[in-house]
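Colleague:
There are 2 protein chains.
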Amino acid sequence: MVNKTLTAPLGFQVGAVKAGIKRSGKFDLGLIVADVPCTAAAVFTKNKIASPTIAISRKHVRNGQVQAVFVNAGNANACTGQQGHDDGMAICRQVAERLGIKPSDVLVTSTGIIGKMLPMDKVEAGIDQAINGLAHSAARGKELARAIMTTDLTPKLAYREIMLGKRVVKIAGIAKGSGMIAPNMATMLGYITTDVAISAPLLRQAMREACDITFNKVSVDNHNSTNDSAIVLASGLAKNRMLESDSRNYQLFAEGLRQVCDDLARQIAADGEGARCAVTVRLTGAATKAQAHKAIRAIVDSPLVRTAFNGADPNWGRIVSAVGYSGARFDPAKLLCKIAGTTVYENGGPCAFDAAVLSRKMKKKYWEIDVDLAIGTCDDFCYTCDLSHGYITINAEYHT
Amino acid sequence: MVNKTLTAPLGFQVGAVKAGIKRSGKFDLGLIVADVPCTAAAVFTKNKIASPTIAISRKHVRNGQVQAVFVNAGNANACTGQQGHDDGMAICRQVAERLGIKPSDVLVTSTGIIGKMLPMDKVEAGIDQAINGLAHSAARGKELARAIMTTDLTPKLAYREIMLGKRVVKIAGIAKGSGMIAPNMATMLGYITTDVAISAPLLRQAMREACDITFNKVSVDNHNSTNDSAIVLASGLAKNRMLESDSRNYQLFAEGLRQVCDDLARQIAADGEGARCAVTVRLTGAATKAQAHKAIRAIVDSPLVRTAFNGADPNWGRIVSAVGYSGARFDPAKLLCKIAGTTVYENGGPCAFDAAVLSRKMKKKYWEIDVDLAIGTCDDFCYTCDLSHGYITINAEYHT
Numbered sequence: 137m138v139n140k141t142l143t144a145p146l147g148f149q150v151g152a153v154k155a156g157i158k159r160s161g162k163f164d165l166g167l168i169v170a171d172v173p174c175t176a177a178a179v180f181t182k183n184k185i186a187s188p189t190i191a192i193s194r195k196h197v198r199n200g201q202v203q204a205v206f207v208n209a210g211n212a213n214a215c216t217g218q219q220g221h222d223d224g225m226a227i228c229r230q231v232a233e234r235l236g237i238k239p240s241d242v243l244v245t246s247t248g249i250i251g252k253m254l255p256m257d258k259v260e261a262g263i264d265q266a267i268n269g270l271a272h273s274a275a276r277g278k279e280l281a282r283a284i285m286t287t288d289l290t291p292k293l294a295y296r297e298i299m300l301g302k303r304v305v306k307i308a309g310i311a312k313g314s315g316m317i318a319p320n321m322a323t324m325l326g327y328i329t330t331d332v333a334i335s336a337p338l339l340r341q342a343m344r345e346a347c348d349i350t351f352n353k354v355s356v357d358n359h360n361s362t363n364d365s366a367i368v369l370a371s372g373l374a375k376n377r378m379l380e381s382d383s384r385n386y387q388l389f390a391e392g393l394r395q396v397c398d399d400l401a402r403q404i405a406a407d408g409e410g411a412r413c414a415v416t417v418r419l420t421g422a423a424t425k426a427q428a429h430k431a432i433r434a435i436v437d438s439p440l441v442r443t444a445f446n447g448a449d450p451n452w453g454r455i456v457s458a459v460g461y462s463g464a465r466f467d468p469a470k471l472l473c474k475i476a477g478t479t480v481y482e483n484g485g486p487c488a489f490d491a492a493v494l495s496r497k498m499k500k501k502y503w504e505i506d507v508d509l510a511i512g513t514c515d516d517f518c519y520t521c522d523l524s525h526g527y528i529t530i531n532a533e534y535h536t
Numbered sequence: 137m138v139n140k141t142l143t144a145p146l147g148f149q150v151g152a153v154k155a156g157i158k159r160s161g162k163f164d165l166g167l168i169v170a171d172v173p174c175t176a177a178a179v180f181t182k183n184k185i186a187s188p189t190i191a192i193s194r195k196h197v198r199n200g201q202v203q204a205v206f207v208n209a210g211n212a213n214a215c216t217g218q219q220g221h222d223d224g225m226a227i228c229r230q231v232a233e234r235l236g237i238k239p240s241d242v243l244v245t246s247t248g249i250i251g252k253m254l255p256m257d258k259v260e261a262g263i264d265q266a267i268n269g270l271a272h273s274a275a276r277g278k279e280l281a282r283a284i285m286t287t288d289l290t291p292k293l294a295y296r297e298i299m300l301g302k303r304v305v306k307i308a309g310i311a312k313g314s315g316m317i318a319p320n321m322a323t324m325l326g327y328i329t330t331d332v333a334i335s336a337p338l339l340r341q342a343m344r345e346a347c348d349i350t351f352n353k354v355s356v357d358n359h360n361s362t363n364d365s366a367i368v369l370a371s372g373l374a375k376n377r378m379l380e381s382d383s384r385n386y387q388l389f390a391e392g393l394r395q396v397c398d399d400l401a402r403q404i405a406a407d408g409e410g411a412r413c414a415v416t417v418r419l420t421g422a423a424t425k426a427q428a429h430k431a432i433r434a435i436v437d438s439p440l441v442r443t444a445f446n447g448a449d450p451n452w453g454r455i456v457s458a459v460g461y462s463g464a465r466f467d468p469a470k471l472l473c474k475i476a477g478t479t480v481y482e483n484g485g486p487c488a489f490d491a492a493v494l495s496r497k498m499k500k501k502y503w504e505i506d507v508d509l510a511i512g513t514c515d516d517f518c519y520t521c522d523l524s525h526g527y528i529t530i531n532a533e534y535h536t
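Residue numbers (my numbering), protein chains in the order written: chain A, 137 to 536; chain B, 137 to 536.
#1: Kindly indicate which residue of B:Q341, B:Q265 and B:Q219 has the alpha-carbon position closest to the one of B:G151.
#2: Starting from A:P439, trace the alpha helix (DSSP H) both ways and give me its first and last residue.
#3: Find the residues of chain A that neighbour B:S240, judging by a C-beta separation of less than 7 Å, and give them in chain order.
#4: Measure from the C-beta of A:P319 to each C-beta in chain B and report whether the shortest distance is under 8 Å.
#5: What is the residue span of the beta strand (DSSP E) that A:P173 lies within?
#6: If we count the other Cβ atoms within 10 Å of its Cβ and call it buried at 16 or more, is B:V153 buried or exposed?
#7: What residues match up with A:K292 in a beta bridge as DSSP calls it?
#8: Check whether the segment 271-285 of chain A and the segment 387-398 of chain A touch, using three or more Cβ-Cβ pairs below 8 Å as the test.
#9: In this structure, how does DSSP classify A:L300 when only helix, strand and coil are distinguished?
#10: Does the beta-carbon of B:V304 have 16 or more other beta-carbons within 10 angstroms, so that it is buried, or is it exposed?
#11: What's the gap between the Cα of B:K162 and the Cα of A:G485?
#12: Between the beta-carbon of B:S371 and the beta-carbon of B:L146, is there less than 8 Å?
#13: Mind pulling the chain B residues with CB within less than 9 Å of A:Y295?
#14: Is any non-hydrogen atom of the ligand GTP found closer than 7 Å to the C-beta of A:N385, if you look at the structure I gave you?
#15: Which residue's Cα is closest to the Cα of A:S457: B:S187, B:V205, B:F206 and B:N199?
#16: What does B:Y461 pair with, by DSSP beta-bridge criteria?
#17: Secondary structure at A:K195, three-state DSSP: helix, strand or coil?
#18: For B:D382, count neighbouring Cβ atoms within 10 angstroms of its own Cβ and tell me buried if that reaches 16, exposed if not.
#19: Does any C-beta atom of chain B lie closer than 8 Å to the C-beta of A:P439?
#20: Give the interface partners of A:E482 over in chain B, defined as CB-CB distance under 8 Å, in chain order.
#21: Within 10 angstroms of its Cβ, does A:R412 collect 16 or more other Cβ (buried), or is it exposed?
#22: Considering only residues of the same chain and omitting the five flanking positions on each side of A:K430, which have a CB-CB separation below 6 Å?
#23: Is the CB-CB distance between A:S193 and A:V244 below 8 Å?
#24: Would you please state the rounded distance, in angstroms, between the beta carbons of B:T175 and B:L373? I believe it to be under 8 Å.
#25: Excluding the 5 residues preceding and the 5 following A:T290 in the sequence, name in chain order all residues of the same chain whose CB lies nearer than 6 Å to its CB.
#26: Would you please verify whether the beta carbon of B:N211 is less than 8 Å from any beta carbon of chain A?
#27: Taking the C-alpha atoms as reference points, what is the distance between A:A232 and B:F445?
#28: Should A:A177 and A:V197 be called a contact, given that it needs their Cβ atoms to be closer than 8 Å?
#29: Leaving out the 5 sequence neighbours to the left and right, which residues in its chain are closer than 8 Å to B:D106 when beta-carbon positions are compared?
#30: Return the CA-CA distance between B:G326 and A:A366, expressed in angstroms with no decimal places.
#31: Between A:A428 and A:L419, which are expected to be in contact by the criterion C-beta below 8 Å, what is the C-beta distance as a whole number of angstroms?
#32: Between which two residues does the alpha helix (DSSP H) harbouring A:G147 extend?
#33: Under 8 Å between C-beta atoms, does A:P188 make it to chain B?
#34: Skipping 5 residues on each side, what residues in its chain have a beta carbon closer than 6 Å to that of B:D210?
#35: Under the three-state reduction of DSSP, which class applies to B:S273: helix, strand or coil?
#36: DSSP on B:S361, reduced to helix/strand/coil?
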């Protein structure tokens, strides 16, 4: 596991406590608090049934300045109407008051069960305790990575350092995923801290572009959540020269940010609910970007395909037939499909291959599917996982 | 179980044998043979990776006349290229020769594993044996209903009689479903016999309209198959006055045909792979037909929703959030959701309900979900089932 946490970039403290919101009694509430007002950007769920906290955070991040982020797991504060909104605002006010900052500089994020009011007595006590325990330590950062987990089995951390001239710029991230994971944000919370000096518009651009090709490429179960949020705070304390649009330094930072998000996105796919393996599906040769996306979605949204992943079954028929009904144009006579590097379908027909050998490759934790539509030059990819008994157990038994 | 089979309408014999195509050694090959050339219509898969038999049957049914239908289970003859096409034509020729009819009056349909060549020696011997055993008996009809099964647990039969003036017209159907079941035909084979006298264009119209609101409303796993076919043969031996377009008698027949297809469609949903319960999802109040369809698909394609069905969990949050990301317009303040008749979400927020009582209703075999988008007048519905451990077991272990 990565040893650096959100506290590694200069200027960030975190708090994490067991507030009693999760039935398990584990860490479930946390705060990220910057020493100075940060430049901030965020990407939120497109679900029309969004948590009221999404509306609050969206509004508070609009001016590009944020100094604290609240998070709780165990209760999503979604489908909670006016009361849910009032609770979200009360959280912002309490955090701001204790820290001596403005409520509008606080973001509020939640994950967990939908349709239950937040237990505000526990939340308020938790905030007090978290603020009392704020620290710049890596240990506290790891506790926070645990506090955001729901059905995740492992905390997810990523870290990169880049050199901008002679300045070291640090970028750290944590995320949670597991279920309700689909392209266009999932039940996914991602928090990134960095000490880069950057303007709000540029940070927004870098974050949006990074999310598009990382978090938004993860599909566990084709279900967009009500609470997805990915947030980046930049303290500016690395004291690099302010990044300029299109500059080489901006490109270096954007690539570092993408790498952190990509690392987290892959961890989310690998820890999808019940997942045995993490599969990267790559699609090439589509006529248009939209058709590449359609074909990828048909493959990764097929429970038949994903149960074959689970069984380590080189069942190319399910993959090829998913492409067949995707609506994407392709040349049936030239369609190509590879599983874990082995060509299984070519020139419109099956290839000879050793199924036992290929099945052994599919029993590994990480492998790939490659599909070429052989009709154009557009491509797409997706990080997904298998569909297992574990997924059913988790989701048939996770009761309201 | 319905006692009437495809042999009940006047003029139909069937054959069914154990040809050794299924590993289990069960019934796996059959024939429907009419005493006279029939008026025929069919609806086929839209999958672009279709079995070569689909192309053959589509061509043979085009003139509206068919006298025999071949079916085998255990091997889909899909992704088999020119050889698969040649095998399909050889089947038509053999059947035609033995019956003294034209190969172009024979349809050929297959279901089972994709990408393997048909074992033609077994198929040829099976055809001979099936023709030798052709009979008008109900017992043979039931054997045929078993011969088309793959992972189906039960044979699926439906039967209706209608009076057209003083003539009794009989309509009988059998179907197989189970996996790869999605709107726009699934791994679904449906065969309907009737003794009505009807023109080919009218039969085509009645069949297309019936399939649209029955077989095409079934979703088990959002995976369209390569082999889906629904075929109707009309012998004309009921000797009713030839049906006329828009006549009351045509309406009566069309409704009877719809009922047979609907009965079979519901049986397919109820016997979806691993299914514990059959759920009808009804969507009302959409702005457009397309948006109603989008919202329905988001609900029934969500593994999270369908695992909640399995757990008899009134987890309306998953349903409402699926609508939220469906892309359908709705009024969040007026959205309504009912589970098994109980209102669980109304006026943009959760309702008080007794979760234990509702969960008991969801433990039944048949129940409904109602969602009202409260923004328009268009509606849609879908027959689906829960996603269970059984589905995973069947599909992770059904090896190529």
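Every residue gets a Cβ at the ideal spot worked out from N, C-alpha and C, and that includes glycine.
Treat the numbers as computed from the prediction; the structure is a model and nothing was measured.
Modeller: In terms of the structure at hand:
#1: B:Q265
#2: P439 to N446
#3: Those do not exist, as B:S240 stays about 25 Å from chain A at its closest Cβ, beyond 7 Å.
#4: Its pLDDT being 40, under 50, A:P319 is placed unreliably in this model, and the coordinates cannot settle the point.
#5: L165 to F180
#6: buried
#7: A:A311
#8: no
#9: strand
#10: exposed
#11: 29 Å
#12: yes
#13: Those do not exist, as A:Y295 stays about 31 Å from chain B at its closest Cβ, beyond 9 Å.
#14: This structure does not include the ligand GTP; it has no bound ligands of any sort.
#15: B:S187
#16: DSSP, once it has assigned bridges, lists no residue as partnering B:Y461.
#17: helix
#18: exposed
#19: yes
#20: Those do not exist, as A:E482 stays about 11 Å from chain B at its closest Cβ, beyond 8 Å.
#21: buried
#22: S462, G463 and A464
#23: yes
#24: At roughly 11 Å, the Cβ-Cβ gap does not stay under 8 Å, so B:T175 and B:L373 are not in contact.
#25: D407
#26: no
#27: 42 Å
#28: yes
#29: Any answer about residue 106 of chain B is impossible in this case: the structure gives chain B only from 137 up to 536.
#30: 48 Å
#31: 5 Å
#32: Careful: A:G147 lies outside any alpha helix (DSSP H) and carries neither H nor E.
#33: no
#34: It is Gly, not Asp, that sits at residue 210 of chain B in the sequence shown. So the qualifying residues of the chain are I157, K158, D164 and G248.
#35: coil
#36: coil
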